[in-house]
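Here the structure comes first, spelled out in structure tokens, and everything after it is commentary.
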Amino acid sequence: MADITIRDVLDCEPAEVNSWLAQIADNLCAADQRGLASISPAVPAVLGETFRSSLFTYVAFVAGRPVAVFGVLPGDQPLAGKVWLVGAKWFARNADGIAAEAGRIFGDLLRTHYGFLGNVFDRRNPATVRFFKAAGFTRRAVIPSAPGTCVQLYARLSEPDGD
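See the structure below:
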């Protein structure tokens, strides 16, 4: 199994984080490149803005190399957060292992900050869909978007305390 670590960017030096983001942005998988480019042709700027707007952000490493960045943006409702993820070209082969670690992080965020975490993801990005499924999210809806395509809503809800 690959050596996977996830770091909370709050515990890191800004220059170090910027270097990791640049490495990921320079090596985005094709699906994430398309997704970010659909927002703006300035892909690094979109990634940077998403990163800066997030309340919680994490970088995933495999064997010391940054392979993905994910986080939580403010949601449309109180106690709701919008999860996001972008990965480098080599993310897909490590998605399940990273998701196992990330699932614990999402669980902690649901216990301490949120009642709902979710977002829509393009089904044409199977590594992202697989990541969120493995991290404990379930598909709640399929939503038509552009003609002939659709996105899928994945969500994870907080679990009531067993008390």
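Once you know that position 92 of the sequence shown is 92 in UniProt numbering, the rest is easy, because the numbers rise by one and skip nothing. Built from N, CA and C at the ideal position, the CB exists for glycine as well.
- Contact check between the stretch 85–98 and the stretch 120–130: three or more CB pairs, one atom from each, fall below 8 Å, which counts as touching.
- Taking the Cα of GLY115 as reference, the smallest distance to any Cα among GLU16, VAL83, VAL9 and VAL17 is reached at VAL83.
- The Cβ neighbour count for GLY64, taken over all protein chains shown within 10 Å, is under 16; the residue is labelled exposed.
- For secondary structure counted as the alpha helix (DSSP H) over 4 or more consecutive residues, the stretch 32–110 holds these complete runs in sequence order: 43–53.
- In the same chain as CYS150, and ignoring 5 residues on each side of it, the C-beta atoms closer than 8 Å to its own belong to ARG123, VAL142, ILE143 and PRO144, in chain order.
- The residues PHE61, in chain order, have a CB closer than 7 Å to that of THR5 in the same chain once the five nearest residues on each side in sequence are set aside.
- Here SER53 is exposed: its Cβ has fewer than 16 other Cβ atoms, across all protein chains shown, within 10 Å.
- PHE131 places its beta carbon 9 Å or farther from that of ILE105.
- Look at PHE132 here: in three-state DSSP terms it is helix.
- Secondary structure at ALA22: helix, using DSSP grouped into helix, strand and coil.
- If you ignore the 5 residues before and after THR138, its C-beta comes within less than 8 Å of the C-beta of TYR154, ALA155 and ARG156, all in its own chain and listed in chain order.
- With a cutoff of 9 Å on beta-carbon distance, VAL69 and LEU55 are scored as not near each other.
- Between the alpha carbons of GLN152 and ASP3 lies a distance of about 30 Å.
- Where TYR154 is concerned, the enclosing beta strand (DSSP E) starts and stops at 150–157.
- Looking at the backbone, the Cα of LYS133 and that of PRO14 are separated by about 31 Å.
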